[in-house]
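Same order as they appear, the protein sequences are chains A, B, C, D and E.
Mapping the first sequence onto full-length UniProt numbering, position 187 (from 1) lands on 187, and the numbers just tick up by one.
Mapping the second sequence onto full-length UniProt numbering, position 609 (from 1) lands on 609, and the numbers just tick up by one.
Mapping the third sequence onto full-length UniProt numbering, position 76 (from 1) lands on 76, and the numbers just tick up by one.
Mapping the fourth sequence onto full-length UniProt numbering, position 29 (from 1) lands on 29, and the numbers just tick up by one.
Mapping the fifth sequence onto full-length UniProt numbering, position 53 (from 1) lands on 53, and the numbers just tick up by one.
Idealized CB from N, CA, C, for every residue including glycine.
Comments concern the structure below.
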Amino acid sequence: MSRPARLVLFLVAAAGVAALLVVAFLDLPPFGSPFHPYRDRAVAAAVAHATANVVGSVTFDQRGLDTLVEETILLGSVAGAAALLRPSKEERENTTVPEGGRVLEATKLTGYLLLPVTLLVGIDVVVHGHLTPGGGFQGGVLLGTAVHLLYLTGHYRALDRVRPLPVFDSGEALGAAAFAALGIAGIIAAGAFLGNILPFGTFGELLSAGTVPVFNIAVGVEVASGVIVLLAKFLEQALRVQREAVS
Amino acid sequence: MVPSADPAATHLAPLAFTVPIIVACLLLALGRRLPRWAVDGLATTTAAAVAGIDVLLLMAARDGRVVTWAGGWTPVDGTTVGIALVADPLGVGAALIAAILMLCALVFSWRYFDSAEAHLHALMLLFLAGMTGFVLTGDLFNMFVFFELMGAVAYALTGFKIEDPTSVHGALSFGVVNSLGAYLTLCGIGILYARTGELGLAQLAVALRGNPPEALLVTAFVLVLTGWLVKAAMVPFHFWTADAEAVAPTPVCLLFSGIMVALGVYGTFRVYHVVFAPVLPAPGVQCLFLVFGAVTAVVGAVMCFAQRHLKRLLAYSTIAHVGLFLLAFGTLDAAGTEGGALYVAGHAGIKSALFLMSGVILNRYGSVDEIDLHGRGRHAVLLPWLMPLAGLALAGLPPFGLGMGKAVAEEAVATAGGWWAVAVFVLVSAATGGAVIRAALRIYRGTGRAPEASPPGTEETSGTDEEAEVSGLLQRVPLTMLVPIVVLLLGALALGVVPGVSEAFHAAASRFTDGAGYVARTLGAPAPLPAPTAPSGWTLSGVALSLLSSAMALAFALAALHHDRLPATLRAAARPVAPVLRGVRALHSGHVGDYVAWLFVGVAVLGAFLAAGAL
Amino acid sequence: MTAAIAVALAMVAITATAVVFTGDPVRQAVTLSVFGLTLSVLFLLLQAPDVALAQIGVGAAVVPLMVMLTLRRIRRHR
Amino acid sequence: MTLYVYLVAGWLLLVGSLGIVRSRDLVHTVVCLSVAQSGTYVLLIAVGYQRGATAPVFGSTTPPSENVVDPVVQAMTLTDIVVSATVTALLLALVIQIAKRHGTLDPDHLSSLKG
Amino acid sequence: MNPWLAGAVALLVGGLGPALWLGARRDPVHRLVGLELGGAVTVLILLLLSQAAGQSSYLIVPLALVLASFAGTLVFTRLLSSRP
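As structure tokens, then:
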């Protein structure tokens, strides 16, 4: 199809889809209405399991199966991206690591200062996921990003040293495996897959919500390792992998 | 008190997808340190274990459904916050097919990809987990998540041969189109949730009970179906299929073609029967699937016959067969569903065996171009017999299971659609079978004219530069590649000859179409048994039609091979077909923008069609 | 509250359009980051801090880094 | 207001798809796909909103009340965001390989799969 | 409308608006200015919104944004130039 033909075809079809959407939207309950039957049940269930962050309760306790699969998607995608970004037959990996570019001294200093802060905030977001906004995924992303401040402030070599990839490769897989294994532990201990098997504790305290914080930590480990591995593969492609000189 | 099977059986459903996930994690964690044989062994054993779990679950679900509430959130007074896994015989049967095909694929790949680390095996196991979960879950959003798992892993598997330009290109088109379809599905889920506040299939059905067929439901139905139908490769959502299946590694093609596209059909009709059957009038939906099924079947068959790239030919034949699945399931009754399910199972065996044969050809001769391979296989021993046989079986040769499914389905669509639907069945299966036989005769017997050097720059994908998947071409076919082929063909044969198969499929189909029973059993109410209907099986007319389509397949193949010897009148009659064929081929442009435009055309047309029928 | 949500929604829609109609991927990557900012404001306005956090983590750092590294790899190849 | 909110969600979906159709560079295609997906975030979060309610996070101080927005759609959106990030990563990885194998990223010039 | 919210709307229109304008026009470096301005304004808006909702737990969001947008801006300052 030529470009104009494709565009016209799409616009006509999109108009049809838009009409479908509009007629459906007109039948929806008004924006901001108090009709949320699932919400009412989910809040009650979260309070019953002493989980202050209801989103955390839905994510890991009530609809934990969704999250198990979500983490498996992450695992599969990181493994898949790693496989797709492996050096191909005619490429090799540069062993000399480029030390990149000039970065302002002030930027470097800020990077150094913010690295530990970001790590701490990331850990806080993971650990308090069942009490305050956040959780394993959000904290894990912050942790994974924090390490890359080293590259961004011009220390790719330092990053390469503090980031032994095989460790994080395994860390990601073991985090995901821990999630699945906790699911099976639910069968053994409570007779229900992904059942909440730990004591619920007191509402609002650090040790509460049963297994939710444990799931948060498993996911945090997986996501942080996953982000590190993923970005490492992209960094390798961008900085190190080169086509073999034809000899 | 709800009659429940053995309580231990309720733990089988989650194990069926958790076990492969855990093993995949282990493979990824230890992959570098394990020797290749251990990786192969572990992956194969896991696939076998999943198949075993599926068999146990199938036995437990034989007389009904096994319901598992994840997290132990069993409904109280019909409401809950949890996710149900609902295993009914048809769903578990699909999971079992997936596990068996995975087993064959993994055995076949023992000699494959010498360089790859454990990534391929881990991804394959995650793919199996995704497929298994998709058919077992009883929750719409959970279906979406498993669908995305299947999708994400499948994109990576499709592009796995990174040295092959077509491979990465096909994977990207697949990824974009399939993801967009999934997002439309999610929009549909969002609209349904806004209206009902529910996500479980059974809970949605309860919340919608007594609702008039309004515009919102039409939109939600079409949007939810879009993702599933993209996976199912229904025209005009099918464009990614040939591009992806022609370029993926052979063991992956086998799973895509054998079961993944059929799961799209499964999702479509699962959602219809449980959630939408009471609120959308059946005649409109039936008509929709008859029309779209027939168009899909014809487009797939025509494109299939026009291919010279062996794997592309098989991919288009899969699209043609998906059209036939849609016709059969689209009758919406137990008989048609029984025929469709048998057809899917038989097709899985035959088509997978054919894909494995194309893999053997690729790794032995370094090409999958039928013209280029003319007569190259003269000295081969077993495949020259097996490949035409599989072609005949694809056309419906009795007593293969595919033929029985075809016979049962034909009878059902004749009642629902009319004689033309039967004609589509016969012609389409003959054309796809004929294309396979043509290729087999050309490659293994050197039938027809020897190739002339084809002019460079022709606008078609030939398959001469396809990258072989082993280091160095094979001198002889190893046993690990031959055994899965023979096993798959024998399995397809057994489906048609073992007594009781038809009865079992009929029972499964009547459960599948009984949406009210599904809802009641899931939410813990006693479920009335559906009124028993008589199972069909082989009938005289069915055998006759199947023999007819097999004979026509042979005739098509010979006519294509010796077209210069056909009578002049026949050739003149065929001449106007050429520009039409060129036009249809030109639409399959490999351009992702085109594919997305067609995706929206499909959604709009589906919506208009259904709105006209329902409102 | 409604007014604030309406304004934020308009900004989300406008920025998304700007992202789509920016043909050059390098420029688009910067605008994509801005789009992520507007989304996070909208999410917090709609009382979804968990989602806003996830959007900030993904949209402000990880995705831009992946896109820019991809572009660098491609530029180096050419 | 209701129609306006949902129309913005629909607009994101459609304009992202339009971007894919018009795209001349595959990196641009992948980014447009993520814009299309953000339409689903907006739709879901808007569905869960309730006027005057706060986030479904009680912390250790606030007493649990019913007047909170829907946590279920927020959990769904979180999953959606994870899917978006991972699919973007996979597709970008494929784009890198396409650039290497084809030497171009313009979909109009990729011609390895036709017919 | 409480004053915190009014302030947030004012910043939304008067701060984030110009940032969008800068961030969606001309070459990447100009857009980067828009992104930097947008990041700073968004942090303020998120702070005001936390106040407006009376939820101190929301404050983690602007905090995370400060950290992430520092990294995000560095991505561009580092990779927009031609050096590796």
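Beta carbon proximity, residue i to chain D, threshold 7 angstroms
| i | result |
| --- | --- |
| Glu172 (chain A) | no |
| Tyr595 (chain B) | no |
| Leu57 (chain E) | Note that residue 57 (chain E) is Ser in the sequence shown here, rather than Leu. Yes, its Cβ sits closer than 7 angstroms to a Cβ of chain D. |
| Ala16 (chain C) | yes |
| Arg73 (chain C) | yes |
Minimum Cβ-Cβ distance from residue i to chain A less than 7 angstroms
| i | result |
| --- | --- |
| Pro56 (chain D) | yes |
| Arg51 (chain D) | yes |
| Leu192 (chain B) | no |
| Gly439 (chain B) | Looking at the sequence shown, residue 439 (chain B) is not Gly but Ala. No, because no Cβ of chain A sits closer than 7 angstroms to the Cβ of Ala439 (chain B). |
| Ile189 (chain B) | no |
| Asp70 (chain D) | yes |
Within-7 angstroms CB hit, residue i to chain C
| i | result |
| --- | --- |
| Asp25 (chain D) | yes |
| Ala232 (chain A) | no |
| Leu94 (chain D) | no |
| Ala71 (chain E) | yes |
| Ala68 (chain E) | yes |
| Val9 (chain E) | yes |
Cβ separation of residue i and residue j, assumed to be a contact under 8 angstroms, to the nearest whole Å
| i | j | result |
| --- | --- | --- |
| Leu142 (chain A) | Gly59 (chain C) | No, Leu142 (chain A) and Gly59 (chain C) are not in contact; Cβ-Cβ is about 13 angstroms, not under 8 angstroms. |
| Val126 (chain A) | Gly144 (chain A) | At roughly 12 angstroms, the Cβ-Cβ gap does not stay under 8 angstroms, so Val126 (chain A) and Gly144 (chain A) are not in contact. |
| Val23 (chain A) | Ala171 (chain B) | Val23 (chain A) to Ala171 (chain B), Cβ: 36 angstroms. No contact. |
| Ser546 (chain B) | Pro388 (chain B) | No, Ser546 (chain B) and Pro388 (chain B) are not in contact; Cβ-Cβ is about 16 angstroms, not under 8 angstroms. |
| Val135 (chain B) | Ala84 (chain B) | The Cβ separation is near 14 angstroms, so there is no contact. |
| Ala51 (chain B) | Ala99 (chain B) | 4 angstroms |
| Val413 (chain B) | Leu548 (chain B) | Their Cβ separation, rounded to whole angstroms, is 16 angstroms, which puts Val413 (chain B) and Leu548 (chain B) out of contact at 8 angstroms. |
| Phe600 (chain B) | Ala13 (chain A) | 4 angstroms |
Which listed residue (the options) has its alpha carbon closest to that of residue i
| i | options | result |
| --- | --- | --- |
| Leu30 (chain B) | A:Pro213, A:Val167, A:Gly195 and A:Arg39 | A:Val167 |
| Leu37 (chain C) | C:Thr22, C:Asp24, C:Val20 and C:Val12 | C:Val12 |
| Val78 (chain A) | D:Met76, D:Val73, D:Ala85 and D:Ser23 | D:Ala85 |
| Thr533 (chain B) | B:Tyr343, B:Ala440, B:Ala507 and B:Trp37 | B:Ala507 |
| Val72 (chain D) | B:Gly64, B:Val81, B:Thr74 and B:Ala98 | B:Val81 |
| Pro30 (chain A) | D:Leu18, D:Ser34, D:Arg51 and D:Leu12 | D:Arg51 |
| Val206 (chain B) | B:Pro251, B:His273, B:Pro165 and B:Tyr183 | B:His273 |
| Glu163 (chain B) | D:Ala99, D:His109 and D:Pro107 | D:Ala99 |
| Gly151 (chain B) | A:Val69, A:Gln62, A:Leu206 and A:Pro116 | A:Val69 |
| Leu28 (chain A) | B:Ala49, B:Val177, B:Ile189 and B:Leu184 | B:Ile189 |
| Leu310 (chain B) | B:Ala439, B:Leu473, B:Leu42 and B:Ala43 | B:Ala439 |
| Leu473 (chain B) | B:Val86, B:Ala202 and B:Gly359 | B:Gly359 |
| Val426 (chain B) | B:Leu126, B:Gly417, B:Glu410 and B:Trp228 | B:Glu410 |
Residue-chain proximity (residue i, chain G), Cβ-Cβ < 7 angstroms
| i | result |
| --- | --- |
| Ala52 (chain C) | Here chain G cannot be found, since the structure's protein chains are A, B, C, D and E. |
Cutoff 7 angstroms: residue i Cβ touching any chain E Cβ
| i | result |
| --- | --- |
| Thr59 (chain A) | no |
task: Please confirm if the segment 62 to 69 of chain E is in contact with the segment 39 to 51 of chain E, defined as three or more CB-CB distances below 8 angstroms between the two stretches.
output: yes
message: Going residue by residue through the segment 147 to 209 of chain B, where are the continuous alpha helix (DSSP H) segments of at least 4 residues, counting only ones entirely within it?
response: 165 to 196 and 201 to 208
message: Quick check on the DSSP output: what are the complete alpha helix (DSSP H) runs of length 4 or more inside the segment 232 to 269 of chain B, in order along the chain?
response: 239 to 245 and 250 to 255
- prompt: Using 8 angstroms as the Cβ pair cut-off and three pairs as the minimum, do the segment 365 to 374 of chain B and the segment 231 to 245 of chain B touch?
  reply: no
- request: Decide if the segment 90 to 98 of chain D is in contact with the segment 163 to 180 of chain A; the criterion is three or more beta carbon pairs, one per stretch, under 8 angstroms apart.
  value: no
message: My parser needs the alpha helix (DSSP H) runs of 4 or more residues fully inside the segment 372 to 427 of chain B; what are they?
response: 383 to 394 and 401 to 416
Contact the segment 273 to 282 of chain B vs the segment 313 to 331 of chain B: 3+ CB pairs below 8 angstroms: no
- prompt: With a cut-off of 8 angstroms, do at least 3 Cβ pairs link the segment 486 to 503 of chain B to the segment 346 to 359 of chain B?
  reply: yes
- prompt: Taking contact to mean at least 3 C-beta pairs separated by less than 8 angstroms, is the segment 256 to 264 of chain B in contact with the segment 186 to 202 of chain B?
  reply: no
- prompt: Is the number of C-beta pairs between the segment 29 to 44 of chain C and the segment 29 to 39 of chain E that are closer than 8 angstroms three or more?
  reply: yes
Beta strand (DSSP E) runs wholly inside the segment 10 to 98 of chain B, at least 3 long, in chain order: 66 to 69 and 84 to 87
Secondary structure, alpha helix (DSSP H): runs of 4+ residues fully inside the segment 210 to 239 of chain A: 212 to 239
field: Three or more C-beta pairs below 8 angstroms linking the segment 44 to 60 of chain A and the segment 118 to 137 of chain A
entry: yes
- prompt: Quick one: any contact between the segment 440 to 447 of chain B and the segment 553 to 567 of chain B, if contact means 3 or more CB pairs under 8 angstroms?
  reply: yes
query: Which runs of the alpha helix (DSSP H) fall wholly inside the segment 30 to 55 of chain C and span at least 4 residues, in chain order?
result: none
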